[in-house]
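Numbering (the UniProt record's numbering), first residue to last: 1 to 973.
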């Protein structure tokens, strides 16, 4: 099987040579392949062979008199300029050509212009391009003068490629301009036009062939004998090989010559995301035996194959676990700096992602460089989106099978391949996003496969079911937003199945999220459940969470637009609560069970699962802190297998485990305690008594007095001396699920906007109490009653105990309301001064970062702040995400804390109200109507997000014909 696969692979590469290089014709299946030159490292006689043109350019909209300065790269609308559909914006720049470039061919490269560009030099047209987010170049040599050269780029947005990609619709503003870097460079008249490196291993994946497909261009008027010199060095700079190609004697003027070279490399270090080993290839052009041009590139020895329903890299079956990534920054839009490109790669790698899908357009060169170096698989997606999908209205007018679209579709995919094919991180070509398969896509797939047979293709539709399933034929099948049955279904498919988008971050229930950021903390456990299932089903290749980064644009005119907060990190690059859930779900090291020391067994025994694809556990550093004493433990568990780790121990109080990835970051942490600390507090042993009048009962416990309305049964006040502690409650409250997205007109949910505000939640409106009875009992004082609410009825008991507690039990019955609750329980109202929350809870995971709103214990201060819109416009935050605030309080303060053991609200005088629980309840506190509201929920689900089903939606209930019950234990000090 391996031998047949090896020779088949060799044949495909041979066909590649003839299909795109034969006769010097850059065509694939009849479609022209544009030239994208490798940027020169050195040119003979030239001090600096490439110059950045980034910076200030002149800018003018044709037909408008005003001239402006604009930043390149950048979007024009993000810089305050409006260019309407059909209008043309002109970018101008004076070119200063270095004197030592004389006699060279001078070219200009644009890494991304949206969406149509006409390039002129000195008013002479030198190039034209349609399509965003991809590189193109133009030779400007013949248009140059001896001095005073002017470069002009006439740009239109909202052209055909924008519509085929939904670029501007998706971003909810016109994405126009020179989005990525611009480089001016010089090469000799005979130069290296392309240099493609492909690696192929022998059947044992021991030795490899480095196949170099180079192309020389003779742009001079005469034939010049030429050769190529290749030097490969390892990561330490040691020369692995040096080879000189055969002499090419007769490259005709304005002709191309293909040079195909195969070099055997013995036992190369293999590239994979866990060990991203990079070699360095220097390719030099020799004319008359002298080097006139050199280019450099990284090489990773990696081979990708699809076998049956699995994907193999270097002979190993891989499981992809990652996120979808947009290029986004709130102040610059789709134009992102190299620093942010690298930051994203670092953040996602540290979240244990091994894979990025570049939704929904090709990534920048800088991002791919970071992925190569840091270790990430990349699925590079062409800029084509929603063709004949309901999210794109244009297809109600256009015919998605119309052949006139084919050249644009082919070009979008071809240019994606041209830019990414020398990057070892790229393992999959995505033809396009959420579109309907057609004969046009079949042709696109054929072209991509001929251009690069070394990588498989995907097409993002639905590979089963009736929706958007037109039986696409890409190498890897795709399904978006599966439920818990999805991984099982993968095993029935003949192709590997990739969940191209899954586990959607809560985003569309926007008012609920502003009200309770704690919804985000509920993301991690369902994700872990889902990914565990994906991991164990062979036919499931893995998936990319939607999404990696919030897609939010702060427009210069004050608007906030986009799809909103659907990322595991925010658009400012701060981890959100979901980030830790992703890191835990994707952890390569899973503690499946733990056994603590017992008589005759003087060690802690861990059953550990190693989910690395390539790395034995002996490659990861494991640090153990047992009972406060650190020690290092070695483990030898093979990739994708389980084993036992034994830690010497005579007793056990606390255990902390830290797993460090071979690349240097902490992959996972676990913390264990021998026993949970008691949630009880010291008994107060204060006698309880009461008095009454016609309107109320007055309960005394030392210097604390409770007032109970005889009419409503509500505790209307709790005072400590002259200080008010509680202003009302506890009263039953039911918070309904709410997926209100803000209400802005939309086609596909792109409704994020300024005017989205938190929800208000109130106690249930109490009509009156019946059968209110007060009685002394051995443990204290008991009040029982029946309560009539506005739309239901219930029962409630107050038990004032002699040991200082107030225990409330309730039952509420709904008979008619068909409502799905998000939370229900008892709500207290306190004075505004009780603005410090502290808690201890049982975490869903054993360890959390210190700045996570879901940390097991901590303190949070109200710090409410009036924000006039959904978020602060144009303000770059300087603190942690947990400290962001609105009128209800900080994210940390107002977020639901689940599974509490105790929680307290305290004022600055030290007065406090404490809830004692058994890790089954949730606490949520917020400022509303100048009071502190505090809901202790006996029921709480994962929120109202409509775009994420099971397992996230598991546990939702209806209240109709249900009896809702609960209990609350309060201590006032």
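Beta carbons are placed, not taken as given, at the ideal position from N, Cα and C, and that holds for glycine.
What residue from 305, 341, 385, 929 has the CA that sits closest to residue 1059's CA? Within the shown structure, residues of the chain are numbered from 1 to 973, placing residue 1059 beyond reach of any answer.
Apply the 10 Å Cβ neighbour rule to residue 404 and answer buried if 16 or more other Cβ atoms are within range, or exposed otherwise. The residue labelled residue 404 in the question sits at position 404 within the chain shown. So residue 404 counts as exposed.
Which residue comes first and which comes last in the beta strand (DSSP E) that contains residue 876? Counted from its first residue, the chain shown places residue 876 at position 876. Premise fails: residue 876 is in no beta strand (DSSP E) and is neither H nor E.
State the start and end residues of the unbroken beta strand (DSSP E) segment that holds residue 540. Along the chain shown, one-based indexing puts residue 540 at 540. Unbroken beta strand (DSSP E) run through residue 540: 540-545.
Among 157, 969, 226, 231, which has the Cα closest to the Cα of residue 189? Here residue 189 refers to the residue found at position 189 when the chain shown is read from its first residue. Residue 189 has its Cα closest to that of 226, out of 157, 969, 226, 231.
Residue range of the alpha helix (DSSP H) that includes residue 324: Within the chain shown, numbered from 1, the residue matching residue 324 stands at position 324. Counting along the chain, residue 324 falls outside any alpha helix (DSSP H), though it belongs to the beta strand (DSSP E) covering 320-324.
With 16 other CB atoms within 10 Å as the buried threshold, where does residue 878 fall? Position 878 of the chain shown, counting from 1, holds the residue named residue 878. Burial call: exposed.
Which whole-angstrom value describes the C-beta separation of residue 323 and residue 329, a residue pair presumed to lie in contact below a C-beta threshold of 8 Å? As a position in the chain shown, residue 323 is number 323, starting the count at 1. As a position in the chain shown, residue 329 is number 329, starting the count at 1. Residue 323 to residue 329, Cβ: 17 Å. No contact.
Which same chain residues end up closer than 7 Å to residue 375 when comparing Cβ atoms and leaving out the 5 residues on each side of it in sequence? Here residue 375 refers to the residue found at position 375 when the chain shown is read from its first residue. For residue 375, where only same-chain residues beyond five positions count, the Cβ hits under 7 Å are 273, 274, 276, 349, 663.
Hey, how far is the Cα of residue 91 from the Cα of residue 60? Position 91 of the chain shown holds residue 91. Position 60 of the chain shown holds residue 60. Answer to the nearest angstrom: the Cα atoms are 7 Å apart.
Let me know if residue 979 comes out buried or exposed under the rule of 16 or more other beta-carbons within 10 Å of its beta-carbon. It is not possible to answer for residue 979, since the shown part of the chain is limited to 1 through 973.
Span separating the alpha-carbon of residue 25 from that of residue 221: What you label residue 25 is simply residue 25 of the chain shown in a count that begins at 1. What you label residue 221 is simply residue 221 of the chain shown in a count that begins at 1. Only weak support exists for where residue 25 lies, its pLDDT of 48 falling under 50; the value from the coordinates is given anyway. C-alpha separation (whole angstroms): 19 Å.
Return helix, strand or coil for residue 167, following the three-state DSSP convention. Translated into the one-based positions of the chain shown, residue 167 becomes position 167. Correct three-state label for residue 167: helix.
Looking at C-alpha atoms only, which residue of 249, 781, 621 is the closest neighbour of residue 804? Stepping through the chain shown from its first residue, residue 804 is reached at position 804. It is 781 whose Cα lies nearest to the Cα of residue 804.
Assign residue 816 to one of two classes, buried (16 or more other C-beta atoms within 10 Å of its C-beta) or exposed (fewer than that). Along the chain shown, one-based indexing puts residue 816 at 816. Residue 816 should be labelled exposed.
May I have a chain-ordered list of the beta strand (DSSP E) segments no shorter than 3 residues that lie completely inside the stretch 463-518? Annotation note: the stretch 463-518 contains the following uninterrupted beta strand (DSSP E) runs of length 3 or greater, listed N- to C-terminal: 477-480, 497-502.
Would you say the beta carbon of residue 779 comes nearer than 7 Å to a heavy atom of the ligand ZN? This structure does not include the ligand ZN; it has no bound ligands of any sort.
For a test of the three-state rule: what should DSSP assign to residue 303, helix, strand or coil? Counted from its first residue, the chain shown places residue 303 at position 303. Coil at residue 303, not helix or strand.
Using the C-alpha atoms, what's the distance from residue 121 back to residue 149? Translated into positions along the chain shown, residue 149 becomes position 149. Translated into positions along the chain shown, residue 121 becomes position 121. Cα to Cα, the separation comes out at about 7 Å.
Could you tell me which residues DSSP puts in a beta bridge with residue 934? Locating residue 934 in the chain shown gives position 934, where the first residue counts as 1. DSSP lists 828, 925 as partners of residue 934.
Identify every run of the beta strand (DSSP E) within the stretch 58-87, keeping only runs that are complete inside it and at least 3 residues long; order them along the chain. 68-72
Nearest candidate by alpha-carbon position, reference residue 265, set 159, 291, 212, 34: Indexing the chain shown from 1 puts residue 265 at position 265. Closest by alpha carbon: 212.
Nearest residue (CA-CA) to residue 892, options 194, 838, 583: The residue labelled residue 892 in the question sits at position 892 within the chain shown. Here the closest residue by C-alpha is 838.
Three-state secondary structure assigned by DSSP to residue 23: Taking the first residue of the chain shown as 1, we reach residue 23 at position 23. Note that residue 23 scores a pLDDT of 36, beneath 50, so its modelled location is shaky; the value from the coordinates is reported in the next line. Three-state result, residue 23: helix.
Within the same chain, show all residues whose beta-carbon is closer than 6 Å to that of residue 866, passing over the 5 residues directly before and after it, in chain order. Start at 1 with the first residue of the chain shown, and residue 866 comes out as number 866. The answer, listed in chain order, is 887.
Are residue 332 and residue 75 touching if we call contact CB-CB under 8 Å? Along the chain shown, one-based indexing puts residue 332 at 332. Along the chain shown, one-based indexing puts residue 75 at 75. The answer is yes: Cβ separation under 8 Å.
Return the bridge partner residues of residue 601 from the DSSP annotation. Stepping through the chain shown from its first residue, residue 601 is reached at position 601. Residue 601 is bridged to 598.
Report the CB separation of residue 760 from residue 928 in whole angstroms; it is logged as a contact under 8 Å. Here the question's residue 760 lines up with position 760 in the chain shown. Here the question's residue 928 lines up with position 928 in the chain shown. Right, the Cβ-Cβ distance comes to about 6 Å (below 8 Å), so this counts as a contact.
Which two residues bound the contiguous alpha helix (DSSP H) that contains residue 555? Here residue 555 corresponds to residue number 555 of the chain shown, with the count starting at 1. Counting along the chain, residue 555 falls outside any alpha helix (DSSP H), and DSSP gives it neither H nor E.
Count the other CB atoms, across all protein chains shown, that sit within 10 Å of the CB of residue 23; report buried if there are 16 or more and exposed otherwise. The residue given as residue 23 occupies position 23 in the chain shown. A caution first: residue 23 carries a pLDDT of 36, below 50, which makes its placement in the model unreliable, though a value can still be read off. Per the 10 Å Cβ criterion, exposed.
From the DSSP output, which residues share a beta bridge with residue 785? Taking the chain shown and counting its residues from 1, the one referred to as residue 785 is at position 785. For residue 785, which the question treats as bridged, DSSP gives the partners 796.
Decide if the stretch 940-956 is in contact with the stretch 517-524; the criterion is three or more beta carbon pairs, one per stretch, under 8 Å apart. The stretch 940-956 is in contact with the stretch 517-524.
Contacts around residue 651, its chain only, beta-carbon distance under 8 Å, and the 5 residues preceding and following it disregarded: Your numbering for residue 651 matches position 651 in the chain shown. Closer than 8 Å at the Cβ level, and outside the excluded window around residue 651, lie 597, 627.
Cβ-Cβ distance between residue 419 and residue 46 below 8 Å: If you number the chain shown from 1, residue 419 lands on position 419. If you number the chain shown from 1, residue 46 lands on position 46. It is not a contact, given that the beta carbons lie outside the stated cut-off.
Quick one: what's got a C-beta closer than 7 Å to residue 446's C-beta in the same chain, skipping five residues either side? For the purposes of this step, residue 446 is taken as the residue at position 446 of the chain shown. Non-local C-beta neighbours of residue 446 in its own chain, meaning closer than 7 Å and more than five positions away in sequence, comprise 29, ordered along the chain.
Quick one: grab the DSSP three-state call for residue 839. Position 839 of the chain shown, counted from the first residue, corresponds to residue 839. Looking at residue 839 - three-state DSSP - the assignment turns out to be strand.
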